[in-house]
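What follows is a short report on a single structure.
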Amino acid sequence: MNEEEIDKLIGEGINLLEHKKVREAIDNFHKALDQGMNQAKTLEVLDLLGEYFFEEKDFNKAIKFFSKQLDFTDSVEKQLTPLCWLGRCYFELKDFNKSIDFFSKRLRLTKEKKIIDVQLDSLYWLGRCYFEQKNFDKAISFFSKQQALSEGRDHMEQLNSLFWLGICHLEDKRIDNAIHFYEQLKLKEEERNLGTELIPQCWLGICRFLKEMKRISTQKKENKDKYEEECNKLESLFSTLEKETKEFLGKELKKTFIYLRFILRVF
Numbered sequence: 001m002n003e004e005e006i007d008k009l010i011g012e013g014i015n016l017l018e019h020k021k022v023r024e025a026i027d028n029f030h031k032a033l034d035q036g037m038n039q040a041k042t043l044e045v046l047d048l049l050g051e052y053f054f055e056e057k058d059f060n061k062a063i064k065f066f067s068k069q070l071d072f073t074d075s076v077e078k079q080l081t082p083l084c085w086l087g088r089c090y091f092e093l094k095d096f097n098k099s100i101d102f103f104s105k106r107l108r109l110t111k112e113k114k115i116i117d118v119q120l121d122s123l124y125w126l127g128r129c130y131f132e133q134k135n136f137d138k139a140i141s142f143f144s145k146q147q148a149l150s151e152g153r154d155h156m157e158q159l160n161s162l163f164w165l166g167i168c169h170l171e172d173k174r175i176d177n178a179i180h181f182y183e184q185l186k187l188k189e190e191e192r193n194l195g196t197e198l199i200p201q202c203w204l205g206i207c208r209f210l211k212e213m214k215r216i217s218t219q220k221k222e223n224k225d226k227y228e229e230e231c232n233k234l235e236s237l238f239s240t241l242e243k244e245t246k247e248f249l250g251k252e253l254k255k256t257f258i259y260l261r262f263i264l265r266v267f
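Structure representation (structure tokens):
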């Protein structure tokens, strides 16, 4: 089979995948792989199969193809893609230690080659892995590195790192630290002037709410009337914030406020 015929097989396979004719598409890709294609085409076909099964949430099958893709090349640049997908697959399977292994290798390779955008992405995923393991100090370490590396380079990565730094500190009950990062995030969102500062505003409200809730909970036994008065004030403030952000955040925000009000009453 010549190169033109192999290209045709791959093209037909992509078309079949788009029309959800999975078995026929895979047959086409396997036929193409059996022809002993050059490295570039082999990597392309393995990537197509891996990504398809990833999107279908069949992560074990996706791992099989991305592993073959990784084994097929010694090129650092060409290893970065399967390393990322393998990390993502294991993340979805909640095997965070394996995910950390792949993203750590990817980070090491990107440092050697000074590929900043992939380095930033690897730092993000390592932060996410440790966050899911509730190892907040390690997560904070990686998100802090992401923030430092993205400064002056990638605005979206900067926003992303600030958001997750806030979440980590909030989950670890370091509310003042969380407020610090959400205030930074709000300033940077205001610089963009896209109306997206509502997200950090909402999180700042939640942080201040929790901080105030902690303060007034000490009054509950000592002065029940005073406690109820403070609760009502906070509910009023959050009702206002809910109104202001309703269109932007929709149902999810509403659920958050219902949950927070419940917590306030039983805290």
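Each residue of the sequence shown is one higher than the one before, starting from 1 at the first, in the UniProt record's numbering. Here a beta-carbon is modelled for each residue, glycine too, at the ideal position from N, C-alpha and C.
Taking the alpha helix (DSSP H) that Ile100 falls in, what are its first and last residues?
Element bounds for Ile100: 96-113.
Classification of Leu106 by the beta-carbon crowding that lies within 10 angstroms, buried from 16 upward
Looking at the sequence shown, residue 106 is not Leu but Arg. With 16 or more neighbouring CB atoms inside 10 Å of its own CB, Arg106 falls in the buried class.
List the endpoints of the continuous alpha helix (DSSP H) containing Asn177.
DSSP places Asn177 in the uninterrupted alpha helix (DSSP H) bounded by 175-192.
Go ahead and pull the three-state DSSP assignment for His155.
DSSP places His155 in the helix class (H, G or I) of the three-state scheme.
Pair within 9 Å by beta-carbon distance, Asn43 and Asn28:
Correcting the residue type first, residue 43 is Leu in the shown sequence and not Asn. The criterion of a C-beta distance shorter than 9 Å is not satisfied by Leu43 and Asn28.
If you draw a straight line from the C-alpha of Gln158 to the C-alpha of Glu3, how long is it?
Cα to Cα, the separation comes out at about 44 Å.
Considering just the uninterrupted stretch of the alpha helix (DSSP H) at Leu9, what are its terminal residues?
Note, Leu9: alpha helix (DSSP H), 3-18.
Tell me whether residue 304 is buried or exposed, calling it buried when 16 or more other Cβ atoms sit within 10 Å of its Cβ.
What the structure shows of the chain is the stretch from 1 to 267, and residue 304 is not part of that stretch, so it cannot be assessed.
Closer than 8 Å is the cut-off here; do at least three beta carbon pairs connect the stretch 78-88 with the stretch 52-69?
The stretch 78-88 vs the stretch 52-69: in contact.
Which two residues bound the contiguous alpha helix (DSSP H) that contains Ile172?
Going by the sequence as given, residue 172 is Asp instead of Ile. For Asp172, there is no enclosing alpha helix (DSSP H), as DSSP marks it with neither H nor E.
Whole-angstrom distance between Leu185 and Lys173, CA atom to CA atom:
If I take the Cα positions, the gap works out to 19 Å.
Spatial distance of Lys166 from Leu49 (CA atoms)
In the sequence under discussion, the amino acid at residue 166 is Gly, which differs from the Lys named in the question. In a straight line, the C-alpha of Gly166 is about 37 Å away from that of Leu49.
Counting along the chain, where does the alpha helix (DSSP H) carrying Thr73 start and finish?
No residue range can be given for Thr73, since it is assigned to no alpha helix (DSSP H) and is classified by DSSP as neither H nor E.
Leaving out five residues before and five after Leu210 in sequence, what residues of the same chain have Cβ atoms less than 7 Å from its Cβ?
Here the set comprises Ile175.
Which residues mark the beginning and the end of the alpha helix (DSSP H) in which Lys138 is found?
Bounds of the alpha helix (DSSP H) holding Lys138 are 136-150.
Three-way DSSP call (helix, strand, coil) for Met37 in this model:
Correct three-state label for Met37: coil.
Thinking C-beta only, is Ser144 closer than 9 Å to Leu126?
Contact: no.
Please return the same chain residues whose Cβ sits closer than 6 Å to the Cβ of Ile115, not counting the five positions on each side in sequence.
Listed in chain order, the non-local C-beta contacts of Ile115 below 6 Å within the same chain number zero, local neighbours out to five positions each way being set aside.
Within its chain, find whatever has a CB closer than 6 Å to the CB of Phe102; leave out the 5 residues flanking it on each side and keep chain order.
Sequence-distant partners of Phe102 (beyond 5 residues in either direction) whose C-beta falls short of 6 Å from its own C-beta, in its chain, are Leu83, Leu86, Gly87.
Span of the alpha helix (DSSP H), counted from its first residue to its last, around Glu132:
Glu132: member of the alpha helix (DSSP H) spanning 116-132, first to last residue.
Using 10 angstroms around the beta-carbon of Leu46, count the other beta-carbons present and answer buried if the total reaches 16, otherwise exposed.
Looking at its Cβ environment, which holds 16 or more other Cβ atoms inside 10 Å, Leu46 is buried.
Taking 7 Å as the limit between beta carbons, can you name the residues of its chain near Leu33, skipping five residues before and five after?
Here the set comprises Thr42, Val45.
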